Amino acid sequence: MSFQVVPSAAAIGRGNGEVTAFFSFGSSGNVAEFKSKVVQHDQVAGVARKPRNGRKRALQWAKRVERRLSRTSAPTADRLRRIADRTGITHVLTQGSHDPSRTSRHRQSLVNQMIASGQRGELERVREISARLNANAIPSASEAGAQKAAESFAHYALDGSGGTPLTLTWWPRPFPGNFGDWLSPMVLQSASSRPIKYLAPTAPSLQPNLVMIGSIGRFIRSRSIVVGTGIASDEIELNTSAEYLSVRGPVTADLLRRQGGPSVESFGDPGVLLSRVLPVERGLTNGRIALVRHFTHANLPVTLPEGWDEVSVLRSHPDEIRDFVVTLAGYDAVVTSAMHVMIACHSYGIPCALIGFRGFEDAVHGTGLKYRDYSLGAGLAEAWEPVAVDLDLRRTRWDDLIRPEQISADKLDEVEAAVAAGIAAYLARTD
Numbered sequence: 000m001s002f003q004v005v006p007s008a009a010a011i012g013r014g015n016g017e018v019t020a021f022f023s024f025g026s027s028g029n030v031a032e033f034k035s036k037v038v039q040h041d042q043v044a045g046v047a048r049k050p051r052n053g054r055k056r057a058l059q060w061a062k063r064v065e066r067r068l069s070r071t072s073a074p075t076a077d078r079l080r081r082i083a084d085r086t087g088i089t090h091v092l093t094q095g096s097h098d099p100s101r102t103s104r105h106r107q108s109l110v111n112q113m114i115a116s117g118q119r120g121e122l123e124r125v126r127e128i129s130a131r132l133n134a135n136a137i138p139s140a141s142e143a144g145a146q147k148a149a150e151s152f153a154h155y156a157l158d159g160s161g162g163t164p165l166t167l168t169w170w171p172r173p174f175p176g177n178f179g180d181w182l183s184p185m186v187l188q189s190a191s192s193r194p195i196k197y198l199a200p201t202a203p204s205l206q207p208n209l210v211m212i213g214s215i216g217r218f219i220r221s222r223s224i225v226v227g228t229g230i231a232s233d234e235i236e237l238n239t240s241a242e243y244l245s246v247r248g249p250v251t252a253d254l255l256r257r258q259g260g261p262s263v264e265s266f267g268d269p270g271v272l273l274s275r276v277l278p279v280e281r282g283l284t285n286g287r288i289a290l291v292r293h294f295t296h297a298n299l300p301v302t303l304p305e306g307w308d309e310v311s312v313l314r315s316h317p318d319e320i321r322d323f324v325v326t327l328a329g330y331d332a333v334v335t336s337a338m339h340v341m342i343a344c345h346s347y348g349i350p351c352a353l354i355g356f357r358g359f360e361d362a363v364h365g366t367g368l369k370y371r372d373y374s375l376g377a378g379l380a381e382a383w384e385p386v387a388v389d390l391d392l393r394r395t396r397w398d399d400l401i402r403p404e405q406i407s408a409d410k411l412d413e414v415e416a417a418v419a420a421g422i423a424a425y426l427a428r429t430d
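Okay, so the sequence shown: first residue is 0 according to numbering that gives the first Met the number 0, each after it adds one.
Encoded structure:
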């Protein structure tokens, strides 16, 4: 018998962008795609596989069940999803360790302690644990990412001029953090000058909390104050008891209204405020184009044209986000498959193109309605939708796709006012 070990980073959809992916996992649901291309091997008789990482296996099972139920009975899937969210099952399944299959239990425990310390604002403790990890071995990519995320959590929990901390829900993973999701604490702290306390989207909680940037409408709680939040699919139920000051766009507002919630007429993703949070002037550009992929596309085997560079979307600390913005502003244009990178370009007026990759259109979570929701909510003349392109980017006519767009000052004022109203509503409940 012979076998070959394929590193997980070389599998499409599993890596971190540092390794070119060449291996694709097939499944029984994709028989037509892989027919006559692969040979399926039977399991050796009498050999039982030892289960590894029970939480991960349970999460994968839950996702498979959800997908099958959604195809056959959307109401049943919605009902089970709500039960899982509200009883804490979703939280248990999604708040596991950073990457338990690639580290010892001891190092895994240290990483989890480091993240928790960061969320409590214990920066010295974060650095102490980080030093212990670095002293024993070279940190893996996932451990290094977790260290950066822990410092980012601590920064927001400690920074500001004092006063009552603001509890904010956002999606922090994958570590070190996705640029778009981590705009939420940056925008809120800039507007409030207060410490930001993290509340996991899936954690059962009755405390007041702000929900802002991201397609996390599913995780709005009864005591949430919603400012500019959106949805990735209309197959979810929004909590109609929350206080809605604004939403991302009219698509989210329509779903909320149809489900018996309030009528919301203020729209706009707070990510559009980035140019006011981090004022950056565009001077002479470098004559090149930047590619910024959505993190789910990180290890697709993409070929860049001449005159292109790639910039990673994975960053969470405000200093790194500033560097990211300054870098993008120096390019002639940006091509991206990440919606909030496009939104950043629209905030600064950087010409851009929004793309997906042909054959991997479903890699980004959701049904795609978020793009239209954002465009309408931002007051754009036309909806921006991702255009599917070949993995060999040299085959696409980019002059037909790259175009300028800039959010109006009136819209920025409206979104800024909604954020200020959200802060005031939170403080009225807690001070």
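In this text, a Cβ means the ideal position worked out from N, Cα and C, and glycines have one as well. The model shown is predicted, which means the values in this text are computed figures rather than measured ones.
Taking the alpha-carbon of residue i as reference, which of the options has the nearest alpha-carbon?
{"i": "Lys222", "options": "Ala231, Trp60, Gly376, Leu205", "result": "Residue identity check: residue 222 is Arg in the sequence provided, not Lys. Comparing Cα-Cα distances from Arg222 to each of Ala231, Trp60, Gly376, Leu205, the minimum goes to Leu205."}
{"i": "Ser191", "options": "Ser129, Leu167, Pro207, Asp180", "result": "Leu167"}
{"i": "Val452", "options": "Glu280, Val363, Gly355", "result": "Beyond the ends of the chain as shown, which are 0 and 430, falls residue 452; an answer cannot be given."}
{"i": "Gly229", "options": "Val246, Phe218, Asn238", "result": "Val246"}
{"i": "Ala408", "options": "Ala419, Ser274, Ala337, Glu319", "result": "Ser274"}
{"i": "Leu400", "options": "Gly329, Ile406, Val388", "result": "Val388"}
{"i": "Lys147", "options": "Gly161, Arg292, Asn111, Ser160", "result": "Asn111"}
{"i": "Gln258", "options": "Leu237, Leu132, Val312", "result": "Leu237"}
{"i": "Ala337", "options": "Thr326, Gly376, Arg292, Pro200", "result": "Arg292"}
{"i": "Arg394", "options": "Arg428, Arg357, Pro350, Gly282", "result": "Arg357"}
{"i": "Asn177", "options": "Asp361, Val312, Ser346", "result": "Val312"}
{"i": "Asp398", "options": "Asp391, Cys351, Tyr347, Tyr370", "result": "Cys351"}
{"i": "Pro184", "options": "Asp158, Ala202, Glu404, Gly348", "result": "Asp158"}
{"i": "Phe152", "options": "Pro171, Leu165, Gly161", "result": "Pro171"}
{"i": "Gly355", "options": "Phe294, Ala202, Arg126, Trp169", "result": "Phe294"}
{"i": "Phe218", "options": "Leu411, Phe359, Trp169, Ala423", "result": "Trp169"}
{"i": "Arg371", "options": "Leu390, Ile342, Phe359", "result": "Ile342"}
{"i": "Glu319", "options": "Ala332, Val263, Glu150, Thr102", "result": "Glu150"}
{"i": "Leu375", "options": "Phe359, Glu360, Leu165, Ile406", "result": "Ile406"}
Residues in its own chain within less than 6 Å of residue i by CB, not counting five upstream and five downstream?
{"i": "Gly421", "result": "Leu209, Ile224, Val226, Leu244"}
{"i": "Arg106", "result": "none"}
{"i": "Gly45", "result": "For Gly45, the predicted structure reports a pLDDT of 34, less than 50, and the residue's modelled location is therefore unreliable. A value from the coordinates is still provided. Once the five neighbours on either side are set aside, Gly45 has no close Cβ partner at all."}
{"i": "Ser96", "result": "Here the model assigns Ser96 a pLDDT of 46, short of 50, so the residue's position is not dependable, and the following value carries that caveat. The answer, listed in chain order, is Gln107, Asn111."}
{"i": "Gln118", "result": "Phe152, Tyr197"}
{"i": "Gly120", "result": "Ala153, Ala156, Leu157"}
{"i": "Arg428", "result": "Pro207"}
Counting only the same chain and skipping the five closest in sequence on each side, list residues whose C-beta sits under 7 Å from that of residue i.
{"i": "Asp430", "result": "Thr163"}
{"i": "His364", "result": "Ala231"}
{"i": "Tyr330", "result": "Thr284, Asn285, Arg287, Ile288, Ala289"}
{"i": "Val276", "result": "Met185, Val186, Ser189"}
{"i": "Arg321", "result": "Leu277"}
So, for residue i: in the same chain, excluding its five sequence neighbours on each side, which residues have a beta-carbon less than 8 Å away from its beta-carbon?
{"i": "His154", "result": "Leu122, His316, Pro317"}
{"i": "Leu368", "result": "Ile230, Ala231, Ser232, Asp233, Val250"}
{"i": "Leu132", "result": "Arg106, Leu109, Val110, Met113, Pro138, Glu142, Gln146"}
{"i": "Val414", "result": "Gly227, Ser245, Gly267, Asp268, Pro269, Val271, Leu272"}
{"i": "Leu392", "result": "Leu290, Val301, Thr302, Leu303, Pro304, Trp307, Val334"}
{"i": "Thr366", "result": "Ala231, Ser232, Asp233, Glu234"}
{"i": "Arg402", "result": "Pro350, Cys351, Ala352"}
{"i": "Asp41", "result": "Low per-residue confidence applies at Asp41: pLDDT is 39, beneath 50, and the placement is therefore not dependable, though the value from the model is reported in the following sentence. Closer than 8 Å at the Cβ level, and outside the excluded window around Asp41, lies no residue."}
{"i": "Ser160", "result": "Ser192, Arg193"}
{"i": "Lys410", "result": "Gly267, Val271, Ala377, Gly378"}
Would you grab the beta carbon distance between residue i and residue j for me? Rounded to a whole angstrom, and I think it's under 8 Å.
{"i": "Ile288", "j": "Val334", "result": "6 Å"}
{"i": "Leu353", "j": "Pro385", "result": "5 Å"}
{"i": "Pro200", "j": "Tyr425", "result": "At roughly 17 Å, the Cβ-Cβ gap does not stay under 8 Å, so Pro200 and Tyr425 are not in contact."}
{"i": "Ser116", "j": "Arg104", "result": "So it is not a contact: roughly 19 Å between Cβ atoms."}
{"i": "Ala134", "j": "Ile195", "result": "No, Ala134 and Ile195 are not in contact; Cβ-Cβ is about 31 Å, not under 8 Å."}
{"i": "His345", "j": "Glu404", "result": "5 Å"}
{"i": "Asp180", "j": "Ile212", "result": "7 Å"}
{"i": "Gly248", "j": "Tyr373", "result": "6 Å"}
{"i": "Gly216", "j": "Phe174", "result": "So it is not a contact: roughly 23 Å between Cβ atoms."}
{"i": "His296", "j": "Ala362", "result": "6 Å"}
{"i": "Ala417", "j": "Ser240", "result": "19 Å between Cβ atoms; not a contact."}
* Length at least 3, wholly inside the stretch 211-290: the beta strand (DSSP E) runs in chain order -> 223-228, 242-246
* Asked: At a cut of 8 Å, does the stretch 265-273 reach the stretch 381-389 through at least three beta carbon pairs?
  -> no
* Length-filtered (3 minimum) beta strand (DSSP E) runs lying within the stretch 369-422 -> 386-388
* Asked: Is the number of C-beta pairs between the stretch 294-303 and the stretch 131-141 that are closer than 8 Å three or more?
  -> In short, these stretches do not touch, since the Cβ pair count stays below three.
* **Runs of beta strand (DSSP E) wholly within the stretch 285-341 (minimum 3 residues, chain order)** => 288-291, 307-309, 332-335
* Which residue spans inside the stretch 96-184 form an unbroken alpha helix (DSSP H) run of at least 4? -> Complete alpha helix (DSSP H) runs here, min 4: 104-118, 122-135, 140-157.
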